[in-house]
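Notes follow once the structure below has been shown.
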Amino acid sequence: MADVPSEAPEHCPGTQSENAGKASACAGCPNQSLCSSGATKQPDPGIALVKERLSSVRNKLLVLSGKGGVGKSTVTSLLSRCLAANNPDRNVGVLDIDICGPSQPRVLGVLGEQVHQSGSGWSPVYIEDNLSLMSIGFLLSSPSDAVIWRGPKKNGMIRQFLSEVDWGRLDYLILDTPPGTSDEHLSATSYLKGAGITGVIIVTTPPQVALLDVRKEIDFCRKVNIPILGVVENMSIFVCPKCKNTAEIFPASSGGARAMSNELNVEFLGSIPLDPLLARCCDEGKNFLTEMPDSPTVNALNEICKSIVRKCEEEKENCLNNSQ
Ligand code: SF4
C-alpha cells in the first residue's frame, strides 16, 4: 500500500476499501487521486517488514479491554513484570501502542528515558535485564503533550513501532492497546497478520456494563480470527491490607467475568484483587511485586501468569498441528 498523507477526512472509508477515493468523504481530500488509482489497495509492504522484524519474537500477545478505566495498562505492566520475574531465562518486551494515552513509561518507572536509534532500529528501554519497553511516551517532549492524530498517521506510527524496534530475541511481546476496537487495533492486527498473533488477553471489571463491552471485544477477535487466551477480571474484590477482610467494590450482579467466560466459551484466567498500594506504586513507577510480595494481588498475578504461559504453549501446539 502506498503511504497516505495524514490529512485524510474524519469519515475516510479506509484507503483499502472498495470506496477509497470514491466516497462522498473523499471529495476534496488531498489523497483522492492516489486512492482512486487503486495504488492504496496493493498489499502493504509493512506487513512483510513486521513479519521479518518479529521473526525472533516467540509469542505476540495483545492486551485488550472493552472499556476504559478497567486498569488495562496497570494489568499489562503487572503481567509483564510478573512474567519476567517468574521466568528469568525468558525475555519479555512491552509495546505501548495506546498512542493517545501512553502510560507504560510511568507505571514501569522509566518516565523521561530516551530512546536511541541505531543502524538496526530503535532500542527499547530496559526496566530489568529481561524486560524492555517501547512507547510513544518516550518520543513526546512532555508527558502532558497531547497526541492528536488521525487514522493514517496512527497507522504509520504503529507500523514503525512493529517493524523498527530492535527487540533482539524475545519470548513474549505484550502489546498494550487503547480501550475498545479502534484504528490502533485494526492497524496492529493487520500488520501482525503475517507475523502471527499468539493470542489476546482481555481485561475487564465485574460490573455488567464493562462485561457488555467485553462481549464486543470477543466478537471482534473472532471476526478477525485472533485466538483469545482468556479473560482477566481486575479489581474483583478489595482485601484490607490490615485486617484481611474482603469487600466487593464493583458487585458482579450477573456472576462477573467468570460466568461470562463460561457462557462465551473462553478461558477465565483469574481475578486480581484491588490493593490500595498498587495505585501508589504505579504513580511512582515502583515494582509492586517486590514492594508488596505478600499481597493477595501478587498471588493472583502469579497464577494468571502461569495460565498465560500454559495457554501460549497450547496455542503454539495448535498452530503446529494445524500446519501439519
Ligand atoms: S484518504 Fe483516500 S479513502 Fe480516505 S478520504 Fe481521502 S481519498 Fe477517501
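Here the sequence shown stands for residues -3 to 320, where the numbers follow our numbering.
A virtual CB, placed ideally from N, CA and C, is assigned to each residue, including glycine.
This structure is a prediction, so every number in the text was calculated from the model and none was measured.
Can you tell me whether residue i is buried or exposed? The criterion is at least 16 other CB atoms within 10 Å of its CB, across all chains shown.
i	result
Val0	A caution first: Val0 carries a pLDDT of 46, below 50, which makes its placement in the model unreliable, though a value can still be read off. Label assigned to Val0: buried.
Ser52	exposed
Ala243	exposed
Asn230	buried
Asn258	exposed
Cys308	buried
Gly226	buried
His7	exposed
Leu316	exposed
Pro289	exposed
Lys150	buried
Thr293	buried
Pro26	exposed
Report yes if the C-beta distance between residue i and residue j is below 9 Å; otherwise report no.
i	j	result
Asn87	Ser128	yes
Leu75	Ile224	no
Val199	Leu60	yes
Val111	Ser69	no
Leu158	Gly42	yes
Pro202	Gly266	no
Gly195	Leu297	no
Pro272	Phe216	no
Asn126	Val305	no
Ser116	Ile154	no
Gly17	Lys212	no
Val228	Ile193	no
Thr185	Ile214	no
Leu188	Lys56	yes
Ile322	Gly108	The displayed coordinates of the chain run from -3 to 320. Any statement about residue 322 would go beyond what the structure contains.
Pro174	Leu136	no
Cys278	Leu79	no
Pro9	Ala21	yes
Ala44	Gly281	no
Glu180	Asp94	yes
Val66	Ala206	yes
According to DSSP, what are the bridge partners of residue i?
i	result
Leu166	Val53
Asn322	Residue 322 lies beyond the stretch modelled for the chain, which goes from -3 to 320, so this question has no answer here.
Glu229	Thr200 and Ser267
Ile224	Val196
Gly117	Ser114
Phe234	Ala243 and Leu270
Leu60	Ile198
Val88	Leu127 and Tyr168
Tyr122	Ser128
Val106	DSSP output for Val106 lists no bridge partner at all.
Val161	Trp118
Measuring only between beta-carbons, confirm whether residue i sits less than 9 Å from chain D.
i	result
Ile304	Considering every chain present, this structure includes no chain D. It has just one protein chain.
With distances taken Cα to Cα, identify the nearest neighbour of residue i among the options.
i	options	result
Val71	Glu313, Asn283, Glu310 and Ile214	Asn283
Pro237	Leu107, Leu270 and Arg254	Leu270
Phe134	Gln100, Ser232, Phe264 and Ile154	Gln100
Pro39	Thr11, Thr286 and Lys63	Thr11
Trp163	Ala275, Glu48, Thr173 and Asn241	Glu48
Ala13	Pro26, Gly24 and Ala35	Just to set this straight, residue 13 is Ser in the shown sequence, not Ala. That would be Ala35, whose Cα lies nearest to the Cα of Ser13.
Trp118	Ser303, Lys240 and Gln156	Gln156
Gln113	Ser33, Arg54 and Val161	Val161
Asp395	Ser32, Ser73 and Ser33	Lying before the first or after the last residue shown, residue 395 is absent from the chain, which here runs from -3 to 320.
Lys240	Ser291, Arg218, Leu285 and Ser232	Ser291
Leu285	Ser29, Cys31 and Arg77	Arg77
Ala255	Ser303, Arg218, Gln204 and Asn295	Gln204
Query - Contact the stretch 88 to 99 vs the stretch 161 to 173: 3+ CB pairs below 8 Å - result: Three or more beta-carbon pairs separated by less than 8 Å link the stretch 88 to 99 to the stretch 161 to 173, which places the two stretches in contact.
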